[in-house]
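Chains as they are written, first to last, in my numbering: chain A, 29 to 143; chain B, 4 to 117. We put the beta carbon where it would ideally sit given N, CA and C, even for glycine. Written below as structure tokens is the structure these notes are about.
Laid out in structure tokens, this is it:
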């Protein structure tokens, strides 16, 4: 069975600081997909990124970056120069096979950016 | 293009009552899902469907039923509401692009059972 661990339950940083959210996953399969979702206080789930297991290249999107390391089974998410609007709960998730397998979510990390 | 639409957004039920959470998507997606999110927790899969007429149980199906008579609609039925079903429910649909895809979520339905 798959498992996603987000050990950081809550993180608070002062605005403009950088912050990294950790995600560690467990699976025996060699093909899998990893995700990050953002859940702002309004409650909806906002898709941030999808990564498949064959692509270990790190990705940068504006102030967001993701570090995928198969050697440590981690898919960490870094926000550079944090802003108050980044305050949200962030979920990491994994699936083996779209459609036939469920998306396994971590328990989330609540990020608070202090002005 | 409305995406995934859930109704109602909020509902309070008494123990033993029944209700249906509606979910509709206008993207012609075959795959649809119902998740529940308990306070401070990640999402857990209740039921899913790979196409009209086909449904299957997820991780936490007890106390729920679903149907998928059309591609667009995937309602979730609670027959005898219990306090343990107090949660936020998310419907999602999936588009596949080869071996890859993207999951689109609705805005959630907050259910309280008293």
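- Counting only Cβ-Cβ distances below 9 Å, residue 135 of chain A has contacts in chain B at 43, 44, 45, in chain order.
- For residue 103 of chain A, the enclosing beta strand (DSSP E) starts and ends at 102-107.
- In the structure shown, the three-state DSSP call for residue 76 of chain B is strand.
- Counting C-beta pairs with one atom in each stretch, the stretch 49-62 of chain A and the stretch 16-28 of chain B have fewer than three that are closer than 8 Å, which means they do not touch.
- For residue 107 of chain A, the closest alpha carbon among the candidates A/101, A/32, A/87, A/123 is that of A/87.
- Using a Cβ-Cβ cut-off of 8 Å, residue 69 of chain B does not count as an interface residue toward chain A, since no Cβ of chain A sits closer than that to its own.
- Taking the Cα positions, residue 46 of chain A is about 28 Å away from residue 106 of chain B.
- Annotated as distal: residue 133 of chain A and residue 54 of chain B, with beta-carbon spacing of 8 Å or more.
- In the structure shown, residue 114 of chain A falls within a helical segment according to DSSP collapsed to helix, strand and coil.
- Listed in chain order, the beta strand (DSSP E) runs fully inside the stretch 31-75 of chain A are 31-33, 38-42, 47-49, 52-54, 61-67, counting runs of at least 3 residues.
- When DSSP states are grouped into helix, strand and coil, residue 89 of chain A belongs to the strand group.
- When CB distances to chain B are screened at a threshold of 9 Å, the residues of the stretch 62-83 of chain A falling below it are 63, 65, 67, 70, 71, 72, 73, 74, 75, 78, 80, in chain order.
- The Cβ of residue 110 of chain B sits closer than 8 Å to at least one Cβ of chain A.
- Shortest Cα-Cα distance from residue 7 of chain B to any of B/114, B/94, B/34 involves B/94.
- Under DSSP, residue 112 of chain B forms a beta bridge with B/92.
- Residue 67 of chain A is positioned such that its CB atom lies closer than 8 Å to that of residue 119 of chain A.
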